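For the sequence shown, our numbering begins at 3 and goes up steadily by one. One structure is given below, encoded as structure tokens.
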Amino acid sequence: MRRRIATGVDGLDSLLSGGLAEDKVFLVSGQAGTGKTILCLQYVLAGVARGENSVYISIDEKPSHLLEDAESLGWDLKKYVDDKRITLLDATPYFTNVRMGKEKVIDVRSIVTDLTKHVRQINAQTVVIDPIAPLIFSQEATAQVKEYIRSLIFSIEDNLHCTTVITSAIPSGTTRLCQYGVEEFVVSGIIVLGVSSIQAHRVRTLYIPKMRGTPTDLNDHVFEILPKRGIVIRETV
Ligand SMILES: Nc1ncnc2c1ncn2[C@@H]1O[C@H](COP(=O)(O)OP(=O)(O)OP(=O)(O)O)[C@@H](O)[C@H]1O
Ligand SMILES: [Mg+2]
């Protein structure tokens, strides 16, 4: 049996037979503002609390914004960045040439080479890529983005030996599981964050449509976002 890596989300690990399967890649998806980044921050901070280091790659959001997001929840991410326990990287520049039409394909190999270097530098065991690809890609570029996502995830599983969480936005007004439609097939498991209506109240919900090798239920689990604790799944009675 593969070791399980706790997510740090109260109430989630028990739904996952202890956590995420070690060294595999998992998807956290949801529409804008559903809590994907908070879940990822929680995941890396849980790793740090266990003595494991992390590389957090942001795309479209500057590392300084991440530090502010964490601070608003009462988490001192900066301390761990300064101590070289967490490396924050902005990967947006990797996509600039493709986005501007100067290059035809996204250079997955150089992304993986750099990522591996950063992982080795701090001996990281957990990696986050939030989100997996920039949101603003033209329709024509979709095939390239899909190919980039597929080869990046396979390459991470083959080379990195890190338990990795990627995020992907779900376009609003759809019932899709992710943005590009390829992420869901190549990852080992999916956690979907959303909002549901219960008796005229809107509540935050989480469900697990896929988790290889793990018995899961398909229920919506209501959660809250609380200071210091982040995402906390409400116990069902
Ligand atoms: N300190 C906080 N306390 C409670 N709730 C918060 C706090 N900070 C943010 N939130 C809630 O969490 C939501 C944003 O969560 P988060 O940034 O993780 O979403 P996201 O899914 O990553 O969004 P995006 O798709 O834009 O990246 C906010 O819209 C807000 O409702
Ligand atoms: Mg986010």
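All C-beta atoms in this analysis are idealised placements derived from N, C-alpha and C, irrespective of residue type, glycine included. Small disclaimer: the values here were computed from a predicted structure and weren't measured.
Checklist entry - Can you tell me whether DSSP reads N125 as helix, strand or coil? => result The sequence position of residue 125 within the sequence shown is 123, counting from 1. In this structure, N125 counts as coil in the three-state DSSP scheme.
Next on the checklist: So L43 and I210 are supposed to be a Cβ contact under 8 Å. How far apart are they, rounded?
Outcome noted: On the sequence shown, position 41 is the one that residue 43 refers to. On the sequence shown, position 208 is the one that residue 210 refers to. Contact doesn't hold; Cβ gap of about 20 Å is too wide.
Item to check | CA-to-CA distance, Q127 to Y82, given in whole angstroms | outcome: Working through the sequence shown from its first residue, we reach residue 82 at position 80. Working through the sequence shown from its first residue, we reach residue 127 at position 125. One C-alpha to the other measures close to 15 Å.
Next on the checklist: Please report whether the beta-carbon of G53 lies at a distance below 9 Å from any beta-carbon of chain C.
Outcome noted: Of the protein chains in this structure there is only one, and it is not chain C.
Next on the checklist: The alpha helix (DSSP H) that contains I40, what's its start and end?
Outcome noted: Numbered from 1 along the sequence shown, position 38 holds the residue referred to as residue 40. Start and end: K38 to A51.
Item to check | Rounded straight-line distance, which links the Cα of S199 to that of T118 | outcome: Counted from its first residue, the sequence shown places residue 118 at position 116. Counted from its first residue, the sequence shown places residue 199 at position 197. Approximately 43 Å between the Cα atoms of the pair.
Checklist entry - Are at least three pairs of beta-carbons, each pair with one atom in the stretch 25–34 and one in the stretch 166–173, less than 8 Å apart? => result yes
Checklist entry - Hey, would you say I138 sits closer than 9 Å to D92, going by beta carbons? => result Along the sequence shown, one-based indexing puts residue 138 at 136. Along the sequence shown, one-based indexing puts residue 92 at 90. Contact flag unset, no.
Checklist entry - I think I134 touches S170, with their Cβ atoms under 8 Å apart; what is that distance to the nearest whole Å? => result Residue 134 sits at position 132 when you count from the first residue of the sequence shown. Residue 170 sits at position 168 when you count from the first residue of the sequence shown. Between S170 and I134 the Cβ distance is about 5 Å, and since that is below 8 Å, they are a contact.
Item to check | Own chain partners of G10 with C-beta closer than 7 Å, once the 5 adjacent residues on each side are dropped | outcome: For this step, residue 10 is matched to residue 8 along the sequence shown. These residues qualify, in order along the chain: Q44, Y45, L47 and A48.
Next on the checklist: So for S19, helix, strand or coil by DSSP?
Outcome noted: If you number the sequence shown from 1, residue 19 lands on position 17. In the structure shown, S19 sits in coil (DSSP, three-state: anything other than H, G, I, E or B).
Item to check | Heavy atom of ligand 1 within 8 Å of S74 beta-carbon | outcome: The residue given as residue 74 occupies position 72 in the sequence shown. S74 Cβ: within cutoff of ligand 1.
Checklist entry - Would you call the CB atoms of T39 and R206 closer than 9 Å? => result On the sequence shown, position 37 is the one that residue 39 refers to. On the sequence shown, position 204 is the one that residue 206 refers to. Not in contact: T39 and R206 (Cβ atoms no closer than 9 Å).
Next on the checklist: What ranges does the beta strand (DSSP E) occupy inside the stretch 135–197, keeping only unbroken runs of at least 3 residues that lie completely in it?
Outcome noted: 165–171
Next on the checklist: Here's a check: name, in chain order, each residue in its chain whose Cβ is nearer than 8 Å to the Cβ of N161, leaving out the five neighbours to either side.
Outcome noted: In the sequence shown, counting from the first residue as 1, residue 161 sits at position 159. Result list for N161: V114 and T118, in chain order.
Checklist entry - Taking all protein chains shown into account, do 16 or more other C-beta atoms lie within 10 angstroms of the C-beta of D219, making it buried, or fewer, making it exposed? => result Numbered from 1 along the sequence shown, position 217 holds the residue referred to as residue 219. By the neighbour-count rule (16 or more Cβ atoms within 10 Å), D219 is not buried but exposed.
Next on the checklist: If I measure Cβ to Cβ from L228 and keep anything under 6 Å in the same chain, skipping five residues before and after, which residues do I get?
Outcome noted: For the purposes of this step, residue 228 is taken as the residue at position 226 of the sequence shown. Cβ neighbours of L228 beyond the five flanking positions: V234.
Next on the checklist: By alpha-carbon positions, which one of I131, K106 and R111 ends up nearest to E142?
Outcome noted: Here the question's residue 142 lines up with position 140 in the sequence shown. Among I131, K106 and R111, the Cα nearest to that of E142 belongs to K106.
Item to check | Rounded distance between the beta-carbons of V224 and V129, thought under 8 Å | outcome: Here residue 129 is taken as the residue at index 127 of the sequence shown, counted from 1. Here residue 224 is taken as the residue at index 222 of the sequence shown, counted from 1. Contact flag wrong, Cβ pair sits at about 29 Å.
Item to check | Under 9 Å between C-beta atoms of A23 and T238 | outcome: Taking the first residue of the sequence shown as 1, we reach residue 23 at position 21. Taking the first residue of the sequence shown as 1, we reach residue 238 at position 236. Cβ atoms of A23 and T238: not closer than 9 Å.
Next on the checklist: If I follow the unbroken beta strand (DSSP E) through K80, where does it start and stop?
Outcome noted: Here residue 80 refers to the residue found at position 78 of the sequence shown. Note, K80: premise wrong, no beta strand (DSSP E); alpha helix (DSSP H) at L79 to D84.
Checklist entry - For F225, which beta-bridge partners are listed by DSSP? => result Here residue 225 refers to the residue found at position 223 when the sequence shown is read from its first residue. Per DSSP, R206 and I235.
Item to check | D92 in three-state terms, based on DSSP | outcome: Within the sequence shown, the letter at position 90 stands for residue 92. In this structure, D92 counts as strand in the three-state DSSP scheme.
Checklist entry - Going straight from the alpha carbon of K80 to that of S190, what length do you get? => result For the purposes of this step, residue 80 is taken as the residue at position 78 of the sequence shown. For the purposes of this step, residue 190 is taken as the residue at position 188 of the sequence shown. So the two alpha carbons sit approximately 30 Å from each other.
Next on the checklist: I'd like to check one pair, L90 with L68: are the Cβ atoms closer than 9 Å?
Outcome noted: Along the sequence shown, read from residue 1 onward, the residue named residue 68 stands at position 66. Along the sequence shown, read from residue 1 onward, the residue named residue 90 stands at position 88. Closer than 9 Å, so yes.
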